[in-house]
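Chains as they are written, first to last, in the numbering used here: chain L, 11 to 457; chain Y, 215 to 617.
A virtual CB, placed ideally from N, CA and C, is assigned to each residue, including glycine.
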């Protein structure tokens, strides 16, 4: 029958043999475990998953209160229009990149495997990244930051450099700046004076831009999470997926459909009644401590709506977030290339380095070619964004290329190491898992 | 020194002019000379005269050549110069018609070689001449170091013998730059290039090829039988320098490869624009914000093709930008050629698929562009040769290690 031939439709019918096997599995399973001495490892595995997991109310948050009154929101001016084609970072960007590259090599890469296994970014690393001022560059000087103009390109260079160390840890490090960047771009004077001081202080709060939803073919412009206007403000209802550092986050910026009229962003403090989080470890990005955010009739004040709920502000947020993911893909893609080159040069088979063979060498060449294309598309989109040019097209193309070629690079990275690529002795299997996120993730980071 | 990947302000007018020339001169003649293969496109004479005045001509394969010596008094800082200008012009002209661009008088690959390696006297002598390039032989394609055509010194002359194929505009050009070896036993270093005037005795046109695409551009097959050329027609040094030799000859390609990439990019853009128009006319919405997966398959395919186009475009821009800034760009030039070559074929072919019989029939130019684009993944170094070059550079391998 035609319907039986379609892949992935329905359960196969269980024949007699299948029924016997299923029963055998049930009855004998326990014995099998014992006979092969597998009982302990299995139990240990279960135990560890539970310990890493969590279901809790939102983290207790500090009291966010407007300390000093602002008369108007502070925005970073657009970067000046440029007349020349140039791919060289300016002097300041060059220095920032160099610092972050070094930081990623010395502080991030060495702990990446451990953080991946523990599903958590160590607090020490997160404090160090704050000291580097990664969040500060996006906040205007008037609000205590270091920013003097829009700096999407700088943010891209930082994300790329961090992801060369590890994508999961990069996401953990960058998650708060997604929220602070959003507040700088779209917050009004009250929202800025209430929340931004914490992001330029000593103890930057964990915070998350929660857009993703656990639904197939997820479209950030068609959300299941709903917000309704009430007399006092809004009520939020829904589930958000892949929320970074969910159990620590004190502040969320949440995307929800407002009154059936389209998506908007809302500021949600974690201690608000009805907010709960649960762990959602994924294929990759594990060091980011991903969780689900449940919003159960969460009551928000009228001041919670970001950017006046305007459609163009929301679209800009989605695009800037996608550029961030592209930058992460470029950084991790470069990590793959830098790792496989010495490997294929040193690995011998049939009496010579495997890189003397075209099938191996061409795979490396294609990683190099596509990676450079990914990088240039990402830079172009970011440069247009910060010069206040339209950047929807460039963002879409960068995302399309990074999703497809980024995953190909991850796939080829494992392939080039063969069986060694499949085991955790080498980082390529982690990069494979992380690179799968590109193209499906929305929100989370924002440049 | 700030990252910006837009067309430089100072080249915007040039791009507009080249686009106008492509739209007014090339497009209206596109189908005509595709069908009338081997007929000289006489409209080009007027355009060439017009463009000789403008430096914006585009140029078949970098007719301006790139001389990296000279000027040492340049200001420090970022430069957007002649390489990028030529690249942008070529893209626009090939948006019009790649076959016609390749047929532009005085814009041959031979002109590029002359401009790049000729001495001052030769430059003056060949000024205003149309020069084709003859490298390939019946048994030697990508392996241009293995050519068999010979040049034997005889007093003030060299005597050339051999067979040359795939000579673009070979019949129409005033002269042909012929690659021949002084001594096969000395390998690549003994390969020299000689300018042979078309009327020289013994330089015989065997035939013109009938081709899949770029049919407006003639492709000649020559036989050389005791062709005597004066020693002043040898380009570069007559000495056989086994140290450096072949690298100098091959260097021309670092400059012309981004331009062939530009040709593929121009054709690809023509296909994408026409396909978008046809798809949108029939109700397909292509949205840059909504995820590709929730759009129609046609829209998702289009986005993917456009992303490949954009990558090829920016890689070529990067290679040209590096050349303008005197940075070695052999790696980037080959990356650009590899990406543009394969994307050019993929994009133009899938555009025909997306537009169905509209695109497949001769009523539209889409089928022609899908034929024209194929050569761009072959000449000036095939896809596979580009991958070899990129791989050797990335892996730090010699041509002996990675064959």
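Out of L:63, L:207, L:402 and L:215, the CA that lies nearest to the CA of residue 326 of chain L is found in L:402. At least 8 Å separates the CB of residue 431 of chain L from every CB of chain Y. Pairwise C-beta distances place the stretch 223-231 of chain L in contact with the stretch 246-256 of chain L, as three or more of them are shorter than 8 Å. Comparing alpha-carbon positions, the option among L:278, L:363, L:143 and L:438 lying closest to residue 347 of chain L turns out to be L:438. The DSSP-derived three-state label of residue 449 of chain Y is strand. A Cβ of chain Y is located within less than 8 Å of the beta carbon of residue 163 of chain L. Chain-ordered, the chain Y residues with CB closer than 7 Å to the CB of residue 382 of chain L read 529 and 549. Residue 575 of chain Y is bridged by DSSP to nothing; it lacks a bridge partner.
Judged by DSSP in its simplified three-state form, residue 251 of chain L adopts strand. Taking a contact as a CB-CB distance under 8 Å, the pair residue 529 of chain Y and residue 386 of chain L counts as one, their CB atoms being some 7 Å apart. For the beta strand (DSSP E) assignment, the uninterrupted runs of no fewer than 3 residues enclosed by the stretch 273-309 of chain L are, from N- to C-terminal side, 273-279 and 285-289. Here DSSP, grouped into helix, strand and coil, assigns residue 64 of chain L to coil. Nearest Cα to residue 614 of chain Y within the set L:452, L:366, L:376 and L:450: L:366.
Interface annotation, residue 616 of chain Y: in contact with chain L, CB-CB separation under 8 Å. Here residue 409 of chain Y is buried. Its C-beta has 16 or more other C-beta atoms within 10 Å.
DSSP, reduced to helix, strand and coil, places residue 267 of chain L within a strand of the structure shown.
Cβ atoms of residue 306 of chain Y and residue 375 of chain Y stay farther apart than 8 Å, at about 42 Å. Residues of the stretch 296-323 of chain Y that bring their beta carbon within less than 8 Å of a beta carbon in chain L comprise 298, in sequence order.
Per DSSP, the unbroken beta strand (DSSP E) holding residue 389 of chain Y starts and ends at 389-395.
Ranked by Cα distance from residue 338 of chain L, the first of L:157, L:78, L:448 and L:205 is L:448.
Taking a C-beta cut-off of 8 Å against chain Y, the contacting residues of the stretch 67-101 of chain L are 89, 92, 93, 94, 95, 96, 97, 98, 99, 100 and 101, listed in chain order.
Residue 174 of chain L sits buried, since 16 or more C-beta atoms from the chains shown fall within 10 Å of its C-beta. Secondary structure note for residue 376 of chain Y: its beta strand (DSSP E) is the uninterrupted segment 371-382. Remark: three or more beta-carbon pairs, one from each stretch, lie closer than 8 Å, so the stretch 388-402 of chain Y and the stretch 347-366 of chain Y are flagged as touching. For the stretch 397-428 of chain Y, the continuous beta strand (DSSP E) assignments of 3+ residues that do not extend past its boundaries occur at 405-411 and 417-422, in sequence order.
Residue 372 of chain Y does not reach chain L, its nearest Cβ partner there being about 37 Å away, counting only Cβ pairs nearer than 8 Å. The beta-carbon of residue 504 of chain Y is placed less than 8 Å from the nearest beta-carbon of chain L. Of all alpha-carbon atoms in Y:415, Y:377 and Y:314, the one lying nearest the alpha-carbon of residue 236 of chain Y is that of Y:314.
The criterion of a C-beta distance shorter than 8 Å is satisfied by residue 485 of chain Y and residue 562 of chain Y. Chain L has a Cβ within less than 8 Å of the Cβ of residue 553 of chain Y.
The Cβ atoms of residue 333 of chain L and residue 391 of chain L sit closer than 8 Å to each other.
In this structure, residue 386 of chain Y places its C-beta atom within 8 Å of the C-beta atom of residue 254 of chain Y. Using a Cβ-Cβ cut-off of 8 Å, residue 229 of chain L counts as an interface residue toward chain Y, since at least one Cβ of chain Y sits closer than that to its own.
Residue 148 of chain L is outside the set of residues whose beta carbon lies under 8 Å from a beta carbon in chain Y. In this structure, residue 157 of chain L lies near residue 148 of chain L, with their beta-carbon atoms less than 8 Å apart. Within chain Y, no C-beta atom comes less than 9 Å from the C-beta of residue 427 of chain L; the nearest is roughly 15 Å away.
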